[in-house]
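Chain order of the listed sequences is S and D.
Numbering of the first sequence is given in the working numbering, commencing with residue 1 and proceeding in unit increments.
Numbering of the second sequence is given in the working numbering, commencing with residue 1 and proceeding in unit increments.
The structure appears below as structure tokens.
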Amino acid sequence: MNETLHASGVSVHYGGVQALADVDLEVNEGELVGLIGPNGAGKTTFVDALTGFARYTGTVSIDGRDLAGMAAHQRARLGLTRTWQSTELFDDLTVSENLAVGSRRPSPWQAAKDLISSQAASTPAIEQALDLVELGWAADLMPDELSQGQRKLVGVARAIATVPRLMLLDEPAAGLDTAESEELGRRLRSLAHAGTAMLLIEHDMGLVLGVCDRIVVLEFGKVIAAGTPEEVRRDPRVVEAYLGSAGAQRAAESLDA
Amino acid sequence: MQQVLLFVLLGLGSGALIACIALAVVLTYRGAGIINLASGALAMLSGYTFWSLTSGQYGGVEFATAPALVLTFVITLLFGALIELVAFRPLRNAAPLAKLVSSLGVLLVAQASMVLAFGVTQKPQKSVLPSGTVHVFGTTVPVDRFILAGIVIAMAVALTLVYRFTRFGLATRAASESEPSALLAGLSANGLSLANTLLACVVAGTLGVLAASVTQLDAISLPLLVVPALAAALLARLTSFAIACVAGLGIGIINSLVDYFSTKSWFPTDHGVPLPGVKELIAFLLIVVAMFLRGAALPARGELVERRLPEVPRPGRVALPALGLALVCAVALIVLPFDFRQALINSMIGTIMALSLVVVTGYVGQISVVQLSLAGVAGFAVSHMAVDAGIGFPLAPLAGTAAAVVLGVLTAVSALRVRGVSLAVVTLGAAVAISQFGFVNSTWGGGDTGSPVPEPHLFGLDLGPHSAFRGLDGGLPSPVFGWVVLAITLALCLLVAGIRRGGLGMQMLAVRSNERAAAAAGTDVRAVKLTAFAISAFIAGVAGTLYAYNFGSVSDERFDALTALSLIAFAYVGGVTLISGALFAGLISTEALFPHAFDKWLGISGNWFLLFGGVILIFTLIQHPEGVAGAIYKRLHPRRGPGVPSSGATPSLAARRASPSAAVER
Chain S
1 MNETLHASGV SVHYGGVQAL ADVDLEVNEG ELVGLIGPNG AGKTTFVDAL
51 TGFARYTGTV SIDGRDLAGM AAHQRARLGL TRTWQSTELF DDLTVSENLA
101 VGSRRPSPWQ AAKDLISSQA ASTPAIEQAL DLVELGWAAD LMPDELSQGQ
151 RKLVGVARAI ATVPRLMLLD EPAAGLDTAE SEELGRRLRS LAHAGTAMLL
201 IEHDMGLVLG VCDRIVVLEF GKVIAAGTPE EVRRDPRVVE AYLGSAGAQR
251 AAESLDA
Chain D
1 MQQVLLFVLL GLGSGALIAC IALAVVLTYR GAGIINLASG ALAMLSGYTF
51 WSLTSGQYGG VEFATAPALV LTFVITLLFG ALIELVAFRP LRNAAPLAKL
101 VSSLGVLLVA QASMVLAFGV TQKPQKSVLP SGTVHVFGTT VPVDRFILAG
151 IVIAMAVALT LVYRFTRFGL ATRAASESEP SALLAGLSAN GLSLANTLLA
201 CVVAGTLGVL AASVTQLDAI SLPLLVVPAL AAALLARLTS FAIACVAGLG
251 IGIINSLVDY FSTKSWFPTD HGVPLPGVKE LIAFLLIVVA MFLRGAALPA
301 RGELVERRLP EVPRPGRVAL PALGLALVCA VALIVLPFDF RQALINSMIG
351 TIMALSLVVV TGYVGQISVV QLSLAGVAGF AVSHMAVDAG IGFPLAPLAG
401 TAAAVVLGVL TAVSALRVRG VSLAVVTLGA AVAISQFGFV NSTWGGGDTG
451 SPVPEPHLFG LDLGPHSAFR GLDGGLPSPV FGWVVLAITL ALCLLVAGIR
501 RGGLGMQMLA VRSNERAAAA AGTDVRAVKL TAFAISAFIA GVAGTLYAYN
551 FGSVSDERFD ALTALSLIAF AYVGGVTLIS GALFAGLIST EALFPHAFDK
601 WLGISGNWFL LFGGVILIFT LIQHPEGVAG AIYKRLHPRR GPGVPSSGAT
651 PSLAARRASP SAAVER
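Now the structure itself:
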């Protein structure tokens, strides 16, 4: 299988604080990898580093192409797209225009033609992406006419509409109820089947364990475990990171019982 | 050397005035979150109050100094309370641009009313301070300079102590850090804002009364002292009273030294007079240095409500209504009497100027005061190319517009680091410097008389206002020129509408909404901003060349900083995000149809119109923050509520307003 993302030795410092230490991570074409860890483990920092929003040391490459020195928009144009924990929609644009910003990248010539012909913002890719999150009816609404959960899904659709090589999803299910979250999981799964590589940050353990091919666990900026959902679920270090050592003890006892 | 020392000490007088205005700027920013462009006007208000009390011009009673001082103090407080309650408090949660424009409204009202009441000539202010002299290092210096500097330093020290050690100061600092937590702690943001505005009025007013005797009391230069004061306040990062005070005194000293050096033979001259505008250029350079030295962003305030510019709806079918309107105008240009024909042409050029703001402010969210100066550059280029080099139409206007674009892109390069209200301050400084250093200069500007512009000819056809065809009444200007302006206005309106509909417009609005998310979506934020500034400068340059042909000459008054500020006011009242807003802005701009009709039928002209304009500006800001055109659009297109048809999620106020703020949880 082709390796879409290859990150090795990625470290990020904020002042004197080491937010990320020597993280290695690969995502293959069509693979859905979960990235989990307690609050403050460095998950969002990792996404920031990959997408060009945080300075890092180490190497990151997409489809074998090194991204060193590239600005955020250049990375995005190589197919590295992300969603945001805090949604970050363009509040001044309609839902379909929100998707169009990333997916329609007009050449100067096309931009000049745009000035004369009054063509709709929508394209098939945009409509497909909206249908995928069942928000086709909202295409012409403004983001602040939607609920928080719907806004989150628009964020996901905006990422999908760019037809990315690698999609980095930062807590896309926050604000969704259980049924919606399961539905989102199924749709991400089918996108992965279609060949998109995905890295999913999520606190909803049901979702992560249910849909991911592999899971990587971060704690204090370091990878403490990686493997299939089953392996990670049983890893004592992971249980300890999530529940504390006393909790881990109890969990271990309950497993034994 | 003694001469230099003398001028350094003399500079303490105007330095004290600049310093106290800088203190007032810092106070209003910390208390109310407003960059108060009217800070210089506050000093002027108190100065005039004291002058009219002591001279007996109003009320017929000549007050003695002491009671006049007390009365001036009381009236200053009343002015402060009025400004706070009418112009600042209702806009607490408005967009930064709205707040800035509101203070601009205060400036326009204060200035217009003072000119109406007292005229434009300087008034000899009665001196309150002792008039003796002291000998310092062998030179004789009036003692009042030391007293003035002493008063300002004392005020800066007192303010620093109050802010550091009293409950009031602590509360203000807390509220400017985070308004929500201040509210939770039981502090009244309104009360704090009022107290700080009053303090600012007293600080500026004190020197307005005292320093006016050593500098001057007039309604033009005093309000514009806010520009060097802003430079001082920015060096102080809008927080430190001490730095603002020292920087203000320093600028005063530098200005005084410029006065001294300009008497020297080595000082560059322009037709025998010392080069004008050097002080303004220095103030601008200081603002630029302050921005780059002290970090680009002003300290942000933690506010309760996230503030946004008005929305920018996607224009529907514009071609047909535009053509219809253009047809009406084309006929009107023949039918209308000559004075209304001229006013209509002025309205169209005003519309083009406002369009340039729609692109840069409405679409990309950057506040640029320098647009009118860019128009001026294009206008003067047309004039000088014709007069000095014999280059005429159509090469000269093209080259002039190109010059405007180059300068606009240079501005944009600074806008890459500086944004929002900071950019407004930088561009205000640039506008003053370009006007005073560039346009007043008689070699490369217009000098006292203005610079002539010949008629535009194309293939032997006169396209200018003196063309042979003179409409129904046979008067000037010719409808032919009006048609040229109309065609250009129509084309530019369609261009700006097309930008909004196309991919570029979406990227501009994406940048305006959220620069980080725009970059993550593959938008090159820098390129988009540069493009927007270039397009906007192009539009302004076109307007500038039309200005030049319209009046047959270019002069500095038409492009000065106060006119630039009122242009922004007009554009905002019209609706700075909409093309229809630009049309409305054109109608109410200087010498356009509305002012002309008011003048002709109601006898309201010049400063009266500015006064009304300022009042209407503040009223519009409060009632319809999206401008007149925006208000009409909203009425025609009511919004749906959140979450229809809901797929399980309940629409709630929290969901509706919980929007992406800059605070991204890491």
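Positions of the beta carbon are idealized from the N, C-alpha and C atoms, including for glycine.
Between D:Leu407, D:Ile367, D:Leu395, which lies nearest to Ala375 (chain D) when the distance is taken from Cα to Cα?
-> Here the question's residue 375 (chain D) lines up with position 375 in the second sequence. The option with the nearest alpha carbon to Ala375 (chain D) is D:Leu407.
What does Pro514 (chain D) touch in chain S if you count any residue whose Cβ is under 7 Å from its own?
-> One-based indexing of the second sequence puts residue 514 (chain D) at position 514. Checking the sequence shown, residue 514 (chain D) turns out to be Asn, not Pro. Ordered by position in chain S, the residues that pass the 7 Å Cβ test against Asn514 (chain D) are Glu88, Phe90.
If you measure from the beta carbon of Gly702 (chain D) to each beta carbon in chain S, is any gap under 8 Å?
-> Absent from the model: residue 702 (chain D). The displayed extent of chain D is 1 to 666, so no value can be given.
Go ahead and pull the three-state DSSP assignment for Pro310 (chain D).
-> Here residue 310 (chain D) refers to the residue found at position 310 of the second sequence. Reduced to three states, the DSSP call for Pro310 (chain D) is coil.
DSSP on Leu20 (chain S), reduced to helix/strand/coil?
-> The count along the first sequence starts at 1 and reaches residue 20 (chain S) at position 20. In the structure shown, Leu20 (chain S) sits in a strand (DSSP, three-state: E or B).
Roughly how many whole angstroms lie between the Cα atoms of Gly302 (chain D) and Leu104 (chain D)?
-> The residue given as residue 302 (chain D) occupies position 302 in the second sequence. The residue given as residue 104 (chain D) occupies position 104 in the second sequence. With a pLDDT of only 49 at Gly302 (chain D), under the threshold of 50, the placement of this residue in the model should not be trusted; the figure read from the coordinates follows. Looking at the two C-alpha atoms, the distance is approximately 23 Å.
Quick one: using the 10 Å Cβ neighbour count with 16 as the cut-off for buried, is Met1 (chain D) buried or exposed?
-> As a working mapping, residue 1 (chain D) is identified with position 1 in the second sequence. Classification of Met1 (chain D): exposed, given that the 10 Å Cβ count is below 16.
Whose C-alpha, out of D:Pro465, D:Glu626, D:Leu37, is nearest the C-alpha of Glu455 (chain D)?
-> Sequence index remark: in the second sequence, residue 455 (chain D) carries index 455 (1-based). For Glu455 (chain D), the nearest C-alpha among the options comes from D:Pro465.
In the structure shown, what three-state DSSP assignment does Lys123 (chain D) receive?
-> Along the second sequence, one-based indexing puts residue 123 (chain D) at 123. Of the three classes helix, strand and coil, the one that applies to Lys123 (chain D) here is strand, per DSSP.
If you run the structure through DSSP and keep just helix, strand and coil, what is Val553 (chain D)?
-> Translated into the one-based positions of the second sequence, residue 553 (chain D) becomes position 553. Correcting the residue type first, residue 553 (chain D) is Ser in the shown sequence and not Val. The answer is strand: DSSP assigns Ser553 (chain D) an E or B state.
Kindly list the residues whose CB is nearer than 6 Å to the CB of Val432 (chain D), restricted to its own chain and excluding five residues on each side of it in sequence; keep chain order.
-> Within the second sequence, the letter at position 432 stands for residue 432 (chain D). Same-chain partners within the cutoff: Val227, Glu280, Ala561.
Below 8 Å CB to CB, which residues in the same chain sit around Leu73 (chain D) once its five sequence neighbours on both sides are set aside?
-> In the second sequence, counting from the first residue as 1, residue 73 (chain D) sits at position 73. Contrary to the premise, residue 73 (chain D) reads as Phe rather than Leu in this sequence. Around Phe73 (chain D): Val202, Gly205.
Just the Cα atoms here: how many angstroms apart are Met114 (chain D) and Val101 (chain S)?
-> Stepping through the second sequence from its first residue, residue 114 (chain D) is reached at position 114. Stepping through the first sequence from its first residue, residue 101 (chain S) is reached at position 101. About 50 Å.
Members of the region 8-39 of chain S near chain D, C-beta cut-off 7 Å | none
Is it true that the region 199-206 of chain S meets the region 53-65 of chain S, where meeting means three or more beta-carbon pairs spaced less than 8 Å apart?
-> no
Under 8 Å between the Cβ atoms of Thr196 (chain S) and Arg214 (chain S)?
-> As a working note, residue 196 (chain S) is residue 196 in the first sequence. As a working note, residue 214 (chain S) is residue 214 in the first sequence. Result no, Cβ atoms of Thr196 (chain S) and Arg214 (chain S) do not sit closer than 8 Å.
Could one say the Cβ of Val208 (chain S) lies closer than 8 Å to chain D's Cβ atoms, at least one of them?
-> Sequence index remark: in the first sequence, residue 208 (chain S) carries index 208 (1-based). False, the Cβ-Cβ gap to chain D never drops below 8 Å.
How would you label Tyr29 (chain D), buried or exposed, when you count the other beta carbons within 10 angstroms and need 16 or more for buried?
-> Start at 1 with the first residue of the second sequence, and residue 29 (chain D) comes out as number 29. The residue is buried, with at least 16 neighbouring Cβ atoms inside 10 Å.
Which residues in chain S sit within 9 Å of Met155 (chain D), going by Cβ to Cβ distance?
-> For the purposes of this step, residue 155 (chain D) is taken as the residue at position 155 of the second sequence. Ordered by position in chain S, no residue passes the 9 Å Cβ test against Met155 (chain D), which lies about 37 Å from the chain.
Span separating the alpha-carbon of Leu507 (chain D) from that of Pro625 (chain D) | For this step, residue 507 (chain D) is matched to residue 507 along the second sequence. For this step, residue 625 (chain D) is matched to residue 625 along the second sequence. For the record, residue 507 (chain D) in the displayed sequence is Gln; it is not Leu. C-alpha separation (whole angstroms): 24 Å.
Taking one C-beta from the region 378-395 of chain D and one from the region 569-577 of chain D each time, how about it: are there three or more such pairs within less than 8 Å?
-> no
So what does DSSP say about Asn28 (chain S), is it helix, strand or coil?
-> For the purposes of this step, residue 28 (chain S) is identified with residue 28 of the first sequence, where counting begins at 1. Correct three-state label for Asn28 (chain S): strand.
With 16 other CB atoms within 10 Å as the buried threshold, where does Gln150 (chain S) fall?
-> On the first sequence, residue 150 (chain S) is found 150 positions in, with the first residue counted as 1. With 16 or more Cβ atoms within 10 Å of its Cβ, Gln150 (chain S) is classed as buried.
How would you list, in chain order, the residues of chain D whose beta-carbon sits under 9 Å from the beta-carbon of Val95 (chain S)?
-> Against the first sequence, residue 95 (chain S) aligns to sequence position 95. Within chain D, no residue comes near Val95 (chain S); the closest Cβ sits about 12 Å away, beyond 9 Å.
Quick one, which of D:Val364, D:Gly252, D:Val120 has its alpha-carbon nearest Ala22 (chain D)'s?
-> Locating residue 22 (chain D) in the second sequence gives position 22, where the first residue counts as 1. The shortest Cα separation from Ala22 (chain D) among D:Val364, D:Gly252, D:Val120 belongs to D:Gly252.
For chain D, is any of its Cβ atoms less than 8 Å away from the one on Gly221 (chain S)?
-> Indexing the first sequence from 1 puts residue 221 (chain S) at position 221. No - not a single Cβ of chain D is within 8 Å of the one on Gly221 (chain S).
Taking one C-beta from the region 86-97 of chain S and one from the region 137-152 of chain S each time, how about it: are there three or more such pairs within less than 8 Å?
-> yes
Could you tell me which residues DSSP puts in a beta bridge with Ser11 (chain S)?
-> For the purposes of this step, residue 11 (chain S) is taken as residue 11 along the first sequence, with counting starting at 1. DSSP output for Ser11 (chain S) lists S:Thr57 as bridge partner(s).
Which residues in chain D sit within 8 Å of Ala100 (chain S), going by Cβ to Cβ distance?
-> As a first step, residue 100 (chain S) must be located in the first sequence, where it is residue number 100. Going along chain D in sequence order, the residues near Ala100 (chain S) (Cβ under 8 Å) are Gly503, Met506.
Output, in chain order, the set of chain S residues within a Cβ distance shorter than 7 Å of Glu177 (chain D).
-> Translated into positions along the second sequence, residue 177 (chain D) becomes position 177. Under the 7 Å cutoff, chain S gives no residues; its nearest Cβ is about 20 Å from Glu177 (chain D).
Name the residue from D:Pro96, D:Gly541, D:Val106 whose alpha carbon lies nearest to the alpha carbon of Phe380 (chain D).
-> The residue labelled residue 380 (chain D) in the question sits at position 380 within the second sequence. Checked all of D:Pro96, D:Gly541, D:Val106; the closest Cα to Phe380 (chain D) is D:Gly541.
Opening and closing residue of the alpha helix (DSSP H) in which Glu230 (chain S) lies | Walking along the first sequence from the start, residue 230 (chain S) turns up at place 230. Run containing Glu230 (chain S): 229-234, per the alpha helix (DSSP H) assignment.
Using a C-beta to C-beta distance shorter than 9 Å, which residues of chain D count as neighbours of Thr162 (chain S)?
-> Residue numbering aside, residue 162 (chain S) sits at position 162 when the first sequence is read from its first letter. Within 9 Å Cβ-Cβ: Ala521, Gly522.
For Glu303 (chain D), name the three-state secondary structure that DSSP assigns.
-> Taking the second sequence and counting its residues from 1, one reaches residue 303 (chain D) at position 303. Caution applies to Glu303 (chain D), whose pLDDT of 49 falls short of 50 and renders its modelled position unreliable; the model cannot decide the point.
Neighbouring residues, chain S, relative to Val358 (chain D) (Cβ below 8 Å) | Start at 1 with the first residue of the second sequence, and residue 358 (chain D) comes out as number 358. What Val358 (chain D) touches in chain S: nothing, since even the nearest Cβ is about 14 Å away.
Can you name the residues that DSSP bridges to Val216 (chain S)?
-> Counted from its first residue, the first sequence places residue 216 (chain S) at position 216. Its beta-bridge partners are S:Leu35, S:Ala226.
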